[in-house]
Amino acid sequence: MSLWNIELNEYNKYDNEKYETIFTLANGYKGLRGALEFSKVGNKGNLIAGVFDKSYAQVTEIVNCQDPLGFNIYIEDELVDIDECNIHKFNRTLNMKEGVLYSEIYISTKSGKTMNIKSERLVSRNNVHRWASRYEISPGNFSGKVFIENIIDGTVTNSTKDPMSRAKHFQVVGSYDLEPGMALLTKTFDKNIQIIEATRIISEKDNGNAFKFRKYSEIGEKVVEVYETFLKKDNPITIYKYGTSYTSRDTQENLISIASKDLQLFVKEGYLKEKQDHIKVWENIWEDTDIKIVGDDLAQLGIRFNLYHLSSSAYEGDDKVSLAAKALHGEGYKGHVFWDTETFMLPYFIYTRPQVAKCLLMYRYNTLKGARKNAELTGYKGARFPWESADDGMEVTPKWGFDYDGNPVRIWTGDEEYHINSDIVFAIVEYYRATGDKDFIIKYGLEILLDTTKFWQSRVEYNKEEDRYEINCVIGPDEFHEHVNNNVFTNYLAKWSIKKTLEFAEWVKTEDESVLKTLCNKLGITEEDFHEWNEIQKKIYIPTSQNGIIIEQFQGYFNLADIPIIQHDENGMPMWPNLGEYKLGETQLVKQADVVQLMIMLSEEFSQEIIKANYEYYEARTMHKSSLSPSMYSILGLTVGDTHNAYKYFIKALYTDLRDNQGNTDFGLHAASTGGSWQSAIFGFAGLKVSKEGDLSIKPWIPEHWRCMEFNINWRDARINIRIEKENIFIKSDKHTSITVYEKKINVLANNFVKIPR
Ligand code: BGC
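Numbering of the sequence shown is given in full-length UniProt numbering, commencing with residue 1 and proceeding in unit increments.
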């Protein structure tokens with residue numbers, strides 16, 4: 001078994017949608033769900049970052065664009081449909097090292113004809129507008145006429161499986177016969193974004209063309225190209241399918257002209273060249289990002305799966321898009337961007353590929369206008385980033401959804417989950433700590449800090465009797481409890497982010513006073529405001545318990561019914577206890593890490609004793625009903641020495657999608673959990689931390705059966721390689737740097753190995 005490969009060896013059509021997610025190929029620009037061409041069962045997806053539309057959907061959503069994957073084989077007049085065939089051999093392998101999806105099926109059709117089809121597919125990282133497939137088709141027990149049908153399908157809708165929400169987001173505005181090849185041009189309804197998909201198929205047999213006849217047709221909203229060929233028993237032919245995609249978001253050029261020109265060039269350069277260049281880019285990505293875990297194949301394969309998909313989902317080419325909760329892997333959460341990006345995924349990019357991290361932060365800068373509008377529309381000042389964000393920073397959280405029993409419920413998160421503002425500030429500060437990118441802070445970061453603080457200033461409520469500032473009627477990370485007062489996570493991070501804003505404003509003032517002056521001028525911030533911000537941050541109320549140890553998640557939480565979790569399912573996930581007469585929100589059951597999340601993000605603010613006590617208290621009450629939760633419990637578990645559970649949570653996080661342990665992988669990747677998995681490995685097992693003073697440190701603990709764990713991180717322009725073995729730790733850096741290992745400061749000279757006994 002290769003620890004770079006995700007393999008599926010058995011076919012079950014009921015799992016098609018799940019594997020479409022697992023086998024998605026993406027490059028940050030585009031995601032093609034891993035549909036199997038030869039089955040009609042599934043929920044295909046061609047999602048292009050930044051292409052959003054509302055039209056008659058409930059809210060703005062990512063558009064499932066026209067599908068260019070269509071590829072049918074007919075033996076005489078019999079369609080090769082795997083669901084109607086006997087399957088003698090089935091294999092799909094995602095080679096994560098290469099970023100290529102390989103398949104092989106050997107089938108016999110209803111009429112008894114046998115055929116072997118080997119295929120590969122890639123969505124290029126070398127040129128994000130290109131994708132391609134290669135098919136090797138061998139007739140087993142017959143010689144005869146075969147038709148190959150190439151299709152671009154413009155009938156695609158969003159929410160195809162859900163008739164109440166189904167929506168079509170584009171119309172076909174052009175069908176093109178490229179003679180050979182074809183293209184389908186569409187246009188979204190609201191914003192008139194044009195999208196083009198162009199494809200061309202080429203055959204190869206005995207070094208020549210094997211297609212004898214071509215017919216192009218426009219059938220409704222589809223363009224179709226059919227080729228006739230004649231196959232001889234045991235004599236395979238190879239077919240290449242080339243594809244290019246462009247939208248009016250990414251070019252001013254005429255789309256049909258750019259897509260067909262690129263397609264022509266692509267064909268000329270050939271599949272193999274693109275594949276090699278694509279693999280080279282992946283090699284570089286892995287060079288930056290891979291985590292090697294020797295001695296634990298389960299963990300090794302699992303972590304690579306998460307890193308692979310996280311890397312696939314973002315790139316540095318477009319600073320007006322971000323990474324959605326389901327990435328480019330499915331329509332779940334409508335392609336919206338949540339705190340998942342800044343809190344869960346961004347650290348991975350900050351420490352491995354900071355150019356991508358910057359781009360993701362720029363998305364927030366570029367959507368500030370919408371965030372300001374959100375604040376204004378809800379009666380506040382400054383910038384209020386939306387809980388769910390699409391293309392313009394306006395709030396797009398749906399107002400209605402369904403509860404666990406399928407009953408309609410009002411969704412309050414868009415109204416009340418304010419902590420997103422501080423999560424973004426937290427991410428900016430973390431980016432700066434790790435990269436030292438002053439330019440970013442001066443040009444963009446500070447503006448976000450100032451304007452989100454202005455929001456908090458208008459949002460907090462002064463309680464005169466207690467002489468404190470409160471933030472009431474909110475939802476914290478734990479979404480089981482709505483309309484709560486003084487959620488500690490929200491209040492603490494608001495306090496922290498106001499403090500950071502004041503520090504950064506002071507710092508920018510010394511760097512270049514005119515920058516601060518211009519911003520104050522632009523945003524309407526006076527000297528009194530700075531004073532008031534300082535007052536607010538000092539006096540924001542943080543509930544604790546009476547003994548000052550266990551932090552009360554929000555005011556009144558300790559008075560709720562304390563119902564113990566007794567049973568766990570086969571994945572080790574808590575099962576619902578009997579709530580008796582109580583509604584969920586009336587209990588102390590928690591959806592996901594909340595106080596625990598705070599203790600990870602602001603660990604330097606809490607003593608070890610407090611962290612341990614709170615971990616134990618909340619661990620016993622957390623249902624992990626969000627995939628964001630297990631990785632965080634793994635990190636804190638390692639901090640407090642609960643290593644057994646920490647490892648279990650780590651594996652749970654790694655296998656969120658591969659084992660479908662949230663039961664909804666078919667809707668898309670659990671992208672936050674992929675980032676959480678990286679954090680769990682690096683912040684958890686390697687114990688990487690940045691101190692209050694800004695120093696980098698590690699404090700590794702690795703399980704008995706791990707012989708070694710190795711990874712690279714970027715730290716202020718230096719690439720540091722850290723290898724943790726049982727007896728020693730080895731550190732190498734390409735620049736002179738220093739790092740604290742188990743409390744001892746180590747100087748690392750450029751390109752020298754330092755060995756530190758454990
Ligand atoms: C979680 C949120 C998360 C969202 C998107 C919800 O179930 O509670 O924290 O942001 O999913 O992943």
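Every residue, glycine too, gets a C-beta built ideally from N, C-alpha and C.
Keep in mind it's a predicted model, so treat the numbers as computed, not measured.
Under the three-state reduction of DSSP output, residue 230 falls in the strand class. Looking at the backbone, the Cα of residue 710 and that of residue 638 are separated by about 18 Å. With a beta-carbon spacing of about 22 Å, residue 9 and residue 71 fall beyond the 8 Å limit used to define contacts. Looking from the CA of residue 368, the closest CA among 394, 359, 387, 351 belongs to 394. Relative to the non-hydrogen atoms of ligand 1, the Cβ of residue 597 never comes closer than 7 Å to any of them. Per DSSP, residue 708 is one residue of the beta strand (DSSP E) stretching across 708-715.
Taking 7 Å as the cut-off, one finds at least one heavy atom of ligand 1 near enough to the beta carbon of residue 592.
Close CB contacts of residue 479 within its chain, under the 8 Å cut and outside five residues either way in sequence, are with 413, 417, 591, 592, 626 (chain order). Look at residue 626: its beta carbon is less than 7 Å from one of the heavy atoms in ligand 1. One thing to note: residue 164 has its Cβ no nearer than 8 Å to the Cβ of residue 138. By alpha-carbon distance to residue 19, the top candidate from 30, 211, 34 is 34.
For residue 186, the secondary structure class from DSSP, reduced to helix, strand or coil, is strand. In this structure, residue 340 has its CB closer than 7 Å to one or more heavy atoms of ligand 1.
Residue environment: residue 103 is assigned as buried (16 or more neighbouring CB atoms within 10 Å of its CB, all protein chains considered).
With a threshold of 16 other beta carbon atoms within 10 Å, residue 315 meets it and is buried. Note that the segment 442-449 touches the segment 504-524; at least 3 beta-carbon pairs, one per stretch, sit closer than 8 Å. Assignment of residue 489 by DSSP, reduced to helix, strand and coil, places it in the helix class. Using a cutoff of 7 Å, the CB of residue 479 counts as near ligand 1, since one of the ligand's heavy atoms is closer than that. Judged by DSSP secondary structure, residue 302 falls within the alpha helix (DSSP H) whose first and last residues are 297-312. Its chain contains 150, 182, 216 as the residues whose beta carbon lies nearer than 6 Å to that of residue 225, once the 5 sequence neighbours on both sides are disregarded; these appear in chain order.
Residues of the same chain with a CB within less than 7 Å of the CB of residue 143, apart from the 5 flanking positions on each side, are 231, 232, 233 in chain order. Excluding its 5 nearest sequence neighbours in each direction, residue 454 has C-beta neighbours in its own chain below 6 Å: 381, 382, listed in chain order.
Distances from the CB of residue 333 to the heavy atoms of ligand 1 include at least one below 7 Å. Going by C-alpha positions, residue 78 is about 60 Å away from residue 595. In this structure, residue 325 has its CB closer than 7 Å to one or more heavy atoms of ligand 1.
Rounded to whole angstroms, the separation of the alpha carbons of residue 533 and residue 17 is 50 Å. For residue 373, the uninterrupted alpha helix (DSSP H) run begins and ends at 368-377, by DSSP. Setting aside the 5 residues that flank it on each side, residue 179 is surrounded in the same chain by 216, each with a C-beta closer than 8 Å to its C-beta; the list follows chain order.
Burial check for residue 400: the Cβ neighbour count within 10 Å stays below 16, so the residue is exposed.
Annotation: the continuous alpha helix (DSSP H) that includes residue 421 extends over 420-435. Residue 267 and residue 242 have their alpha carbons spaced roughly 7 Å apart.
The Cβ atoms of residue 156 and residue 25 do not sit closer than 8 Å to each other. For the pair residue 46 and residue 274, the Cα-to-Cα distance works out to about 20 Å.
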